[in-house]
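Chains as they are written, first to last, in UniProt numbering: chain H, 1 to 727; chain G, 1 to 344.
Virtual Cβ for every residue (Gly too), placed ideally from N, Cα, C.
Structure, as structure tokens:
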Amino acid sequence: MSEVVSMEEIRAISDRLGVDLTQIDLDSIHLPPGDDLGIPSDDEDLLEEDALEEDQGFGNILVVDNLPVVPKEKYEKLEGVVRKIYSQLGVIKEGGLYMPVDPETQKTLGYCFIEYNTPQEAELSKEKTHGYKLDRSHIFAVNMFEDIEKFLKVPDEWAPPEIKPYVPGVRLFTSSVFFEMLLKWLTDEKARDQYVIRSGGDTEVLWNDARQMKPELVYKRPYWTESFVQWSPMGTYLATVHRQGAAIWGGATTFNRLMRYAHPQVKLIDFSPGERYLVTYSSHEPSNPRDTHRVVLNIFDVRTGKVMRDFKGSADEFAVGGTGGVTGVSWPVFRWSGGKEDKYFARIGKNVISVYETETFSLIDKKSIKVENVMDFSWSPTDPILSLFVPECGNQPARVSLVQIPSKEELRQKNLFSVSDCKMYWQSNGDYLAVKVDRYTKTKKSTYTGFELFRIKERDIPIEVLELDNKNDKIIAFAWEPKGHRFAVIHGDNPRPDVSFYSMRSGTNTGRVSKLTTLKGKQANALYWSPGGRFIILAGMKGFNGQLEFFDVDELDTMASAEHFMATDVEWDPTGRYVATAVTSVHEMENGFNIWSFNGKLLYRILKDHFFQFLWRPRPPSFLSKEKEEEIAKNLKKYSKKYEAEDQDVSLLLSEQDREKRKKLKEEWEAWINEWKLLHEEEKMEREKLRDGEASDEEEEYQAKEVEVEEILKVDEEVIPFEESQQ
Amino acid sequence: MRPILMKGHERPLTFLKYNRDGDLLFSCAKDHTPTVWFADNGERLGTYRGHNGAVWCCDVSRDSSRLITGSADQTAMLWDVQTGTQLHTFTFDSPARSVDFSVGDKLAVITTDPFMGLTSAIHVKRISKDPSEHVCLFCLCADILVVEIVPEISESVLVLKGPQGRINRAVWGPLNKTIISAGEDAVIRIWDAETGKILKESDKEIGHKKGITSLQKSVDGSHFITGSLDKSAKLWDIRTLTLIKNYTTERPVNAVTMSPLLNHVVLGGGQDASAVTTTDHRAGKFEAKFYDKILTEEIGGVKGHFGPINALAFNPDGKSFASGGEDGYVRLHHFDQDYFNIKI
Chain H
1 MSEVVSMEEI
11 RAISDRLGVD
21 LTQIDLDSIH
31 LPPGDDLGIP
41 SDDEDLLEED
51 ALEEDQGFGN
61 ILVVDNLPVV
71 PKEKYEKLEG
81 VVRKIYSQLG
91 VIKEGGLYMP
101 VDPETQKTLG
111 YCFIEYNTPQ
121 EAELSKEKTH
131 GYKLDRSHIF
141 AVNMFEDIEK
151 FLKVPDEWAP
161 PEIKPYVPGV
171 RLFTSSVFFE
181 MLLKWLTDEK
191 ARDQYVIRSG
201 GDTEVLWNDA
211 RQMKPELVYK
221 RPYWTESFVQ
231 WSPMGTYLAT
241 VHRQGAAIWG
251 GATTFNRLMR
261 YAHPQVKLID
271 FSPGERYLVT
281 YSSHEPSNPR
291 DTHRVVLNIF
301 DVRTGKVMRD
311 FKGSADEFAV
321 GGTGGVTGVS
331 WPVFRWSGGK
341 EDKYFARIGK
351 NVISVYETET
361 FSLIDKKSIK
371 VENVMDFSWS
381 PTDPILSLFV
391 PECGNQPARV
401 SLVQIPSKEE
411 LRQKNLFSVS
421 DCKMYWQSNG
431 DYLAVKVDRY
441 TKTKKSTYTG
451 FELFRIKERD
461 IPIEVLELDN
471 KNDKIIAFAW
481 EPKGHRFAVI
491 HGDNPRPDVS
501 FYSMRSGTNT
511 GRVSKLTTLK
521 GKQANALYWS
531 PGGRFIILAG
541 MKGFNGQLEF
551 FDVDELDTMA
561 SAEHFMATDV
571 EWDPTGRYVA
581 TAVTSVHEME
591 NGFNIWSFNG
601 KLLYRILKDH
611 FFQFLWRPRP
621 PSFLSKEKEE
631 EIAKNLKKYS
641 KKYEAEDQDV
651 SLLLSEQDRE
661 KRKKLKEEWE
671 AWINEWKLLH
681 EEEKMEREKL
691 RDGEASDEEE
701 EYQAKEVEVE
711 EILKVDEEVI
721 PFEESQQ
Chain G
1 MRPILMKGHE
11 RPLTFLKYNR
21 DGDLLFSCAK
31 DHTPTVWFAD
41 NGERLGTYRG
51 HNGAVWCCDV
61 SRDSSRLITG
71 SADQTAMLWD
81 VQTGTQLHTF
91 TFDSPARSVD
101 FSVGDKLAVI
111 TTDPFMGLTS
121 AIHVKRISKD
131 PSEHVCLFCL
141 CADILVVEIV
151 PEISESVLVL
161 KGPQGRINRA
171 VWGPLNKTII
181 SAGEDAVIRI
191 WDAETGKILK
201 ESDKEIGHKK
211 GITSLQKSVD
221 GSHFITGSLD
231 KSAKLWDIRT
241 LTLIKNYTTE
251 RPVNAVTMSP
261 LLNHVVLGGG
271 QDASAVTTTD
281 HRAGKFEAKF
291 YDKILTEEIG
301 GVKGHFGPIN
311 ALAFNPDGKS
321 FASGGEDGYV
331 RLHHFDQDYF
341 NIKI
């Protein structure tokens, strides 16, 4: 820092040098850039303060327009009204409400600024109050302060958007590229299926090579995802979840990133059944701890990555109906109507079901379906039919009804009395709907269970009531046979419940449900049907230590009984050929998975510490035409011969390889041992020396010798009288 | 054959050792009395009283006349096998974890634990052989310290790499020229027995990932096997410290041994005693697992212990083996004829 020079001194110096100070243009003097010669500039302090303002940003400031213009006397009243509206939605900063006044007329200008503590609150308020009707002529127009600048830049004239040149690449989803790139895995020569596993930090996609009794690696990537992975419903994409959003991956032989979906702190994702849309969900801590969490849902178009619609709100609004889920929200919030068209999706709200259609992403008929007290709903897996459950309320009985979309016409309704709970199970083809109804007994102290079976595809949708042989049995599990007419129920009291199989049409009796069989005393609490039907696994999870029974429902016969100790998950591959059972890291020990054949033969077992996820890659529905499929079914013998021959070749090759490998290992070992023996021999003398000359090692190995020892114990002499007989 | 249950210890077993003839079995446990048993019928022959702490390890001389034991009472004791009299006591400043006689039984390597600020150390002690005047001679000779390897005070390079934590086992290499040590830091080291320098260290990449609990040499001393908490056992070349085989299992390995007769390896272990759940005994997998030594494939298992297996030993004739568990039992298994006909 240079010393301070007083004006007097400057004048003295200038006089001495003969410089006329008045003639000097101070602005013409330039300091070298970046050098202040040790004199700090006053200006910089000012600049710094400005920068601080900048850093904070204006993301938390709202501009509310279309306020009434009021004179000075009414200023405070208006301010009070505005403050009341906006402080409900967040905490307004102290002095954060500013309503400018025209200095000439002393009237307000019809707008105000509101500053919140956080941008999130501001955003929420904007959502909530944009379009708020204060009265008939004052409808609020609310904008973020930051956006105003953006709007100012909008040119008045419309300019056609620049057309981007065509760039061939992975990101393009033309149908030929699509098939070639993304569905190539379906053309595997060995017709194998893939699965993804996540253990520790690694995520791996593997082929299930059942013939070789081992998996084959397709792609491995450490830290591929930050929380979990998920296949799209037809197996085209693998989705990963990150702090910044979700991403999808796919490709011909490996996995490339195809698209990213920005959604900060995304927690959950869900694909539409036809893979067209991706729903992402996040929940954010409120700035005011008394408030509920704020929820953000985005619906993306999978192929373009565009946000089709977003939903924002407090967690309460999304926590209606359903059971379980994360922080009160039952996931998926949006349930998609069945079929691959992805035409409708719906969510349950208080006393409403909101059904949206995907052409415009708006409510059908611009309004939700009003259903008082609706508790739960589900879509038919194939048709645009909704089933609703409304519990008893006052004099109204509980009811289950079927609603056609988009006409919102009620197809069928059934009233139910003294109901405590209801669960709806659709059969995978949408042919049947089973409603499990828990009813109170007369004393209202206990409940019993019955089933209402709807035949959706028949005229007038007949309903049949099914009660178990023993009405008081508790229902532990229920499952429809995929694509079939049968279902299985586990009922009874632990520890050894019974399993019953029913058919919706058996033999000649096609119009009525009939029981096929009851298996007594099974160690099972979960049912896993093969995706192809016919075979089912009766599994005893958790308390039953992973008992597995592979059952053939056609023959009503147990194929195999096995155990995967502590198993937490059972998953059939999409073809129904193999089953995976896994122990995930909910248990500390035994983490890993087993792969079984459909009939209960253990094929291989892989142990992985910190095992989190096992997911088979789903397959899209068959591309074959109906006729082709029938033809294959007819000539199955011909085809199976070919595959059986292949199987045999592989198994022969495998045992040959195995033999070779073993032979090689043995030879290597022999070689190593011989080498060692040589060395050992060389060192023999030294070893003897160490042992003080005692012959060492194996050479003086202990031998059993038989030694006969004769010992004379006693010598006795006895005189034997000699008889003379020759007398 | 039905295993013989030998109940003599009141606390978990720590170590088992057969003598060379295979007629005696020595067992150490956390109670203070090492015990000797008839290896054939499991009858208890006698105990060695004198220790005042858990006994961690023992070794018996080639002629079965001397027994050395290492104990948590900070001593290692030399015993007369036949009479059970204490011949000499080596006193340390920290618990003795492992003991091993050299070829010729003139030296013993003893490891001590890190304790009260002391670091772990490997000691080599000289032992007199003369049986007639043992008492006096031992007093004289025993304290002659040939080499004392304390990593921290050897070359400065070694300090950094020096063993962290406990050394669980140290044994002699071929011709007493080297000492092989392994312990909690999961690294196997070969030391020069004369100079105390580290000759070799196992590679971090291929070596164990967690603490090594046990180490056993083959009968001919050509290779050794280590068992580790990382749920694997590994077979190493004793000279070059190259990894030969790897055996993976589902449980932390507490004990390993090799059949002297067949190419079989036995691993024993189970989940940590403190983590044993009350749900099911199967959860712990307290089995002795048999592996083919060359093919590294699992052959079978022997169940029985109610708790993890802490010690395993093969009879030198290869026809029986003993296992000692956290449950305080020693189980003596004589193989059926079928065992010797196993073909893979």
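Thr118 (chain H) and Phe145 (chain H) have their C-alpha atoms some 13 Å from each other. Here Leu713 (chain H) is exposed: its Cβ has fewer than 16 other Cβ atoms, across all protein chains shown, within 10 Å.
Tyr247 (chain G): member of the beta strand (DSSP E) spanning 243-248, first to last residue. Contact annotation: in the region 674-685 of chain H, residues whose CB is within less than 7 Å of a CB in chain G are Trp676, His680, Glu683. In the DSSP assignment, Phe389 (chain H) forms a beta bridge with H:Asp376, H:Val400.
Residues of the region 649-663 of chain H that bring their beta carbon within less than 7 Å of a beta carbon in chain G comprise Arg662, in sequence order. For the C-beta of Leu229 (chain G), not a single chain H residue is nearer than 8 Å; the gap to the nearest is close to 12 Å. DSSP, reduced to helix, strand and coil, places Lys303 (chain G) outside both helices and strands of the structure shown, so it counts as coil. Within the UniProt repeat "WD" (302-332) of chain G, the complete beta strand (DSSP E) segments at least 3 residues long are 309-314, 320-325, listed from N- to C-terminus. Cβ-Cβ separation between Val302 (chain H) and Glu275 (chain H): approximately 6 Å, consistent with a contact (criterion under 8 Å). Pairing Ala29 (chain G) with Val55 (chain G), the inter-Cα distance amounts to about 6 Å. Close to Val103 (chain G), with beta-carbon spacing below 7 Å, are these residues of chain H in chain order: Arg687, Leu690, Arg691.
Per DSSP, Glu115 (chain H) is one residue of the beta strand (DSSP E) stretching across 112-116.
The C-beta of Asp220 (chain G) comes closer than 8 Å to at least one C-beta of chain H.
Taking C-beta atoms as the reference points, Ala186 (chain G) and Lys217 (chain G) fail to come closer than 8 Å. By the rule that beta-carbons nearer than 8 Å mark a contact, Ile294 (chain G) touches chain H. Around the Cβ of His51 (chain G), a 10 Å sphere holds 16 or more other Cβ atoms; the residue is buried. Apart from sequence neighbours up to five positions away, the residues of its chain that approach Lys343 (chain H) with a beta-carbon distance below 7 Å are Ser337, Glu357, Thr358, Pro384, ordered along the chain. The region 36-49 of chain G and the region 8-26 of chain G touch, with no fewer than 3 CB-CB distances between them shorter than 8 Å. When C-beta distances to chain G are compared with 7 Å, every residue of the region 222-248 of chain H stays at or above that value. In this structure Met213 (chain H) is exposed. Its beta-carbon is surrounded by fewer than 16 other beta-carbon atoms within 10 angstroms.
Taking a Cβ-Cβ cut-off of 8 Å, Met424 (chain H) has no neighbours in chain G, whose nearest Cβ is about 35 Å from it.
Look at the beta carbons and you see the region 640-654 of chain H not touching the region 264-280 of chain H: under three pairs across the two are nearer than 8 Å.
With its beta carbon at least 8 Å from every one in chain G, Met213 (chain H) lies outside the interface. In the DSSP assignment, Gln120 (chain H) falls within the unbroken alpha helix (DSSP H) covering 119-129. Classified as buried, Thr203 (chain H) has 16 or more neighbouring CB atoms from the shown chains inside 10 Å of its CB. Residue H:Gln427 holds the alpha-carbon nearest to the alpha-carbon of Ala488 (chain H) among H:Gln427, H:His284, H:Pro495, H:Tyr448. Chain H places no beta carbon closer than 8 Å to that of Gln216 (chain G), leaving this residue out of the contacts.
Within 9 Å of the CB of Asn176 (chain G), the CB atoms of chain H belong to Leu690, in sequence order along the chain. Excluding the 5 residues flanking it on each side, Pro114 (chain G) has same chain C-beta neighbours closer than 8 Å at Ser94, Ser120, Gly165, Arg166, in chain order.
A distance of 8 Å or more separates the beta carbons of Ile225 (chain G) and Ser202 (chain G). Within chain H, the residues whose beta carbon sits less than 9 Å from that of Gln271 (chain G) are Glu588, Met589, listed in sequence order. Residue range 66-71 is occupied by the beta strand (DSSP E) that includes Ser71 (chain G), with no alpha helix (DSSP H) assigned at that position. Contacts with chain G (Cβ-Cβ distance below 9 Å) from the region 599-621 of chain H involve Leu607, Asp609, listed in chain order. For Pro155 (chain H), same chain residues with a beta-carbon under 8 Å away, outside a window of 5 residues either side, do not exist.
Apart from the 5 residues on each side of it in sequence, His138 (chain H) sits with its Cβ closer than 6 Å to the Cβ of Asn66, Pro68 in its chain, given in chain order.
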